[in-house]
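Residue numbers (our numbering), protein chains in the order written: chain A, 22 to 343; chain B, 3 to 322; chain C, 40 to 475.
Yeah, the Cβ is synthetic: ideal placement off N, Cα and C, and Gly gets one too.
As the structure is a prediction and not an experimental result, all values here were calculated from the model.
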């Protein structure tokens, strides 16, 4: 197993490195045998009798994790902020949708959503295309310089994005003239080493004899990738998409710097602006901020819940086996 | 995996790639490996890394050794080489020293907490059968949500007359959490732990799948209780994941920015929660001294690299 | 064995990065030279882009102004947009200068940022227009001298100020048993007594609530107005030397320290407007705030108190100016727009639309009708003649940050004595101001 990878995960939105966002784990240096899928099922079944203490612990933890979100929602509906203990329960006298209508009047939510969608979609597209290519090459092809490519992926993860921010900004905006374009937003995020790790890991689990046979039959590498390898790793693609999604969707600093034109700003940027500038003049600033937070959080959370089956340990897990 | 032929220096990669594109089909195939096309497949990624990361990184290193400020296009200014001046002014700045100390505090709280909690919760999640999906989702939700969004509710919860203090009543700290020099950084560390834990649980859950059930079975035959099993089987079983989690948490801590920026209003109170990256932003972008900021960034990267190497040597070395 | 491999890769990649640095160095030096075309640029006419503040009243004024200009100049259209918002607009403008995509004019240029923009080569000196210097002098009078840069040129057109005064909540004062019409706020010791009464009577949680965050610009809304009032309008630096490490400066610091110590002011940042939300009984703000307090607070104003009662106390200007950015192609048009937007007519519209004070000499007489109809604004017009600006020196942002850090440490959080903190900050600031 190896170490350097990685991606810090937090701060999806601030400035971190381009291409972060998705975070996964590591990867192993040595080929990992394909994990028998059956193992997991059986272990759960056998150990379920141990579940009571765990259940209590988990319930407690879930409360700690979910409560702020519940409180965020309640707070976003309050006419005036109520920070007492009673305020944590909805009271009909103190409920309003005004905070939401305030937001909707100040920013074009739909346009923000569309822009976020284009930005995120573009990042996912590049990530998947580049990731599949290099992931396959690293896993199933032998070529000179492979070790360097791999080492590069590891180093990439350690650099704070702030260090690159200004040079990158000058390059994208001044040298390439990509200010106020979707491409300018997307480019620094178009490579995502995390996705590469995921793909590489999946491809490595496929038996290499499969590919050798295809090569002997005279199939081109591109055709092998497209017709044999990719269909076998569909779950990896879904995982990579979900992991990649988090980054650009929540990213704030970079699109904020690159887009001066409100017409193409993603939702996270317009909401952050709303929070920092306009909320203070709203009748209930905290309510307005929390309402903004709910609007920003809802699509990511909904998508995640919808696809949560794909986002499970075994998918990502394949990359952490040491 | 590394079947690459012995000793190719780093530059072999770039050189190899150009060669590949021109004359790959001919004799040099062996020199380039059995599937030289792999270079072509890697090329988009590598070119992107060079353009989007290596070049700006190199530029940042260049900046850190010169007297540098950003100018409008076409403006000619002197950018004399100043040697280590920027590094000296960074390392002798008490604010910078403070920020590194803050990160130390952060790591001391955040890393053990993250490793411990995520392992215990992942272990529990692995065993529980009812409501498994619900629990899993609840732990991941903070992780998938933008910091900009959740910071708002933390401010609301932890402010002077916020819910946390109302519940604590007379036990509430004074000054309150985020304005208390002693509590600001721990509160930030707590926040980050909460925000990230879902991802680390995910990593541990994956690692737990790899512990063969036979180990637990034989342990229960030998009469070990759950606690003993946990210590003797689970903890060593996920060791490689623990190394990874430790490293990731460390890198996360070193890159702390959003929290001091939004949660404690610019590293307050009185610098008690500044971080190196926040100072980079303050010095480089706000105050127009990118040379000093770049030097700080280089120091930070080197520091992280060193810690990572040490951690790997200490914890991760004896595997397999 | 794996160690070795990874370390060597990391090393070799570092090598690549260093090579990259070399390349970057070459690339960086080879930037094209221009500047010879300056003369033709200052006369060029054609469409231009401008940014204005995102304050809703200013946006309205800006849209009207641009519409009337565009109607009269079909071949020189102005494309106007709100300044892309961030935590501070200086960041956005600085980045745009570097990238070369700043607009022609920004109607929200903070004087504190001008030295930095100027150093970046991002600004057009207004003296390069034949009537530039004269126009500014005629419009603003002697106050304009504060906006000259150290090289003797003027890179900003003094546009409008927001003289900071002390707002107080009349209802809260009445509740605390104080006279809302004649509040005892003439001197700083009266101010302190009033603050104590407000909080102790339970009328309000905080007497004042200046933002305690460490942003470099916060001193403008706590220390600086009081210091200006205390010192007869001394700026933070005079002739390149800091002035605040003095009895007058420390007296203000001690007063604020007392406010924080006695919990008359909160050490926690407030997300909204503490005064408008009734969380603080008094507030330091300019006339822009009148619109924000409308319908929320029954307010009154007094000048910022000094040590002694005075009738001609100075205050901080909180001015925003118009600057022209060097990436502008049609500077001739930009200059005409600048003059158009600061004409007597447009200034009048700005005043009535936003309540902010155009920086014109004889403000009160020029718009006498307005001030007669809106007596509440008279205080501001009166103060506008005696405003103090941030000193126009290099490293100004860093200088204010240094001051703010010392203030946080000593006054707000009490981790250092005011004497030590001010002495240290003063020395460091003198050093910063001396650098080029």
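Query: Three or more C-beta pairs below 8 Å linking the region 251-271 of chain C and the region 234-243 of chain C; Result: no
Query: Inter-stretch contact (C-beta, 8 Å, three-pair minimum) for the region 222-233 of chain A and the region 274-288 of chain A; Result: no
Query: The region 102-119 of chain B contacting the region 240-250 of chain B, beta-carbon criterion three pairs below 8 Å; Result: yes
Query: Residue-level contact to chain B via CB, residue 258 (chain C), 9 Å cutoff; Result: no
Query: The region 299-317 of chain C in contact with the region 168-186 of chain C per 3-pair CB rule at 8 Å; Result: no
Query: C-beta neighbour in chain C for residue 195 (chain A), strict 9 Å; Result: yes
Query: Proximity below 9 Å, CB of residue 143 (chain A) to CB of residue 207 (chain A); Result: yes
Query: Residue 94 (chain B), buried or exposed, once every other Cβ within 10 Å from all chains shown has been counted against 16; Result: exposed
Query: Any alpha helix (DSSP H) of 4 or more consecutive residues that is wholly inside the region 421-462 of chain C; Result: 435-446
Query: Partner residues on chain C for residue 71 (chain B), Cβ-Cβ distance less than 9 Å; Result: 155, 158 and 159
Query: Range covered by the beta strand (DSSP E) that runs through residue 269 (chain B); Result: No beta strand (DSSP E) holds residue 269 (chain B); DSSP gives it neither H nor E.
Query: Exposed unless 16 or more other CB atoms sit within 10 angstroms - verdict on residue 186 (chain C); Result: buried
Query: Span of the alpha helix (DSSP H), counted from its first residue to its last, around residue 309 (chain B); Result: 292-313
Query: Nearest-angstrom Cβ-Cβ length linking residue 147 (chain B) and residue 329 (chain A), presumed shorter than 8 Å; Result: In fact, because the Cβ distance is near 14 Å, the residues do not count as touching under 8 Å.
Query: Where residue 269 (chain B) meets chain C, residues with beta-carbon distance less than 7 Å; Result: 253
Query: Host beta strand (DSSP E) of residue 206 (chain C) (start-end); Result: 204-208
Query: Proximity of residue 306 (chain C) and residue 271 (chain B) at Cβ, strictly below 9 Å; Result: yes
Query: Coarse secondary structure for residue 246 (chain B), derived from DSSP in three states; Result: helix
Query: Short-range partners of chain A found in the region 165-180 of chain B, where Cβ spacing is below 7 Å; Result: 165, 168 and 169
Query: Cβ pair residue 239 (chain B), residue 203 (chain B) closer than 9 Å; Result: no
Query: Chain-ordered neighbours of residue 310 (chain C) on chain B, where CB pairs are closer than 8 Å; Result: 157
Query: Stretch pair the region 433-444 of chain C + the region 273-293 of chain B: three plus CB contacts closer than 8 Å; Result: yes
Query: Straight-line Cα distance separating residue 183 (chain B) from residue 24 (chain A); Result: Confidence is the limiting factor: at residue 24 (chain A) the pLDDT is only 33, short of 50, which leaves the residue's position unreliable and the question unanswerable from this model.
Query: Candidates C:96, C:459, C:148 and C:348: closest to residue 388 (chain C) by CA position; Result: C:96
Query: Terminal residues of the beta strand (DSSP E) in which residue 197 (chain C) lies; Result: 196-200
Query: The region 348-357 of chain C in contact with the region 419-430 of chain C per 3-pair CB rule at 8 Å; Result: yes
Query: Residue 131 (chain C) at chain A interface by Cβ criterion, 9 Å; Result: yes
Query: Buried versus exposed call for residue 197 (chain A) [16 or more other C-beta atoms within 10 Å across all chains shown]; Result: exposed
Query: Local Cβ density within 10 Å of residue 83 (chain B), reported as buried at 16 or more and exposed below that; Result: exposed
Query: CB contact check: residue 296 (chain C) to chain B, cutoff 9 Å; Result: no
Query: Closer than 9 Å to chain C by CB, residue 283 (chain A); Result: yes
Query: Reference residue 224 (chain C); option with closest CA among C:320, C:164 and C:304; Result: C:320
Query: Beta-carbon neighbours of residue 137 (chain B), restricted to chain A and to distances below 7 Å; Result: 79 and 83
Query: Any C-beta of chain B under 9 Å from that of residue 211 (chain A); Result: yes
Query: Residue range of the unbroken alpha helix (DSSP H) whose run includes residue 121 (chain A); Result: 119-127
Query: Residue burial classification, residue 165 (chain B) (beta-carbon count within 10 angstroms, cutoff 16); Result: buried
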